[in-house]
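Please read the structure below before turning to the comments.
Numbering (UniProt numbering), first residue to last: 1 to 166.
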């Protein structure tokens, strides 16, 4: 099996999609949500006020989770180019799985900063900006596509036994 141009295109688009997800994850946690949670304050003011109250709103967690996601996407890209037996559908499923896995990664990465905002400013720890919802919709859609694709693949690959005549 030679290098499939479709598989390569899927891998390139998949890597870009995971990278975009990672960028939105970092912006949501580190910029958009703090600014929406404490309107009228700059990021520097938010960080300073939180620090005076013993809280750290800006942690490395979002950056770490984003970097892991991008590294995994690059690994799938490399494997899709190197592994000759990899199918285009398998590559697509790999990227969809990474995007679906972004939801729990986002939750874990945003939990500490969200609670720090809540504790420092007496607000709820949930999302105050819409970026988190965008990430959840993307992850949920990816999970549904994986499930539907799996069912479609399972039902289309079944062989029907011939009827036994007596």
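Even glycine gets a Cβ: it sits at the ideal position worked out from N, Cα and C. Source: prediction; values computed, not measured.
Under 8 Å by Cβ, that's how I've got residue i and residue j pegged, so tell me the actual separation to the nearest angstrom.
i: residue 126; j: residue 114; result: 7 Å
i: residue 65; j: residue 116; result: Going by Cβ atoms, the distance from residue 65 to residue 116 rounds to 16 Å, so no, they are not a contact pair.
i: residue 96; j: residue 145; result: 6 Å
i: residue 100; j: residue 21; result: At roughly 10 Å, the Cβ-Cβ gap does not stay under 8 Å, so residue 100 and residue 21 are not in contact.
Please confirm whether residue i and residue j have their CB atoms less than 8 Å apart.
i: residue 83; j: residue 149; result: no
i: residue 131; j: residue 27; result: yes
i: residue 11; j: residue 80; result: yes
i: residue 129; j: residue 33; result: yes
i: residue 74; j: residue 15; result: yes
i: residue 112; j: residue 52; result: no
i: residue 29; j: residue 38; result: no
i: residue 69; j: residue 31; result: no
i: residue 76; j: residue 91; result: yes
i: residue 57; j: residue 120; result: yes
What are the start and end residues of the alpha helix (DSSP H) that includes residue i?
i: residue 130; result: Looking at the DSSP string, residue 130 is not in any alpha helix (DSSP H), and its letter there is neither H nor E.
i: residue 8; result: 5-27
i: residue 65; result: 61-82
i: residue 55; result: Counting along the chain, residue 55 falls outside any alpha helix (DSSP H), and DSSP gives it neither H nor E.
i: residue 88; result: 88-121
i: residue 34; result: 33-37
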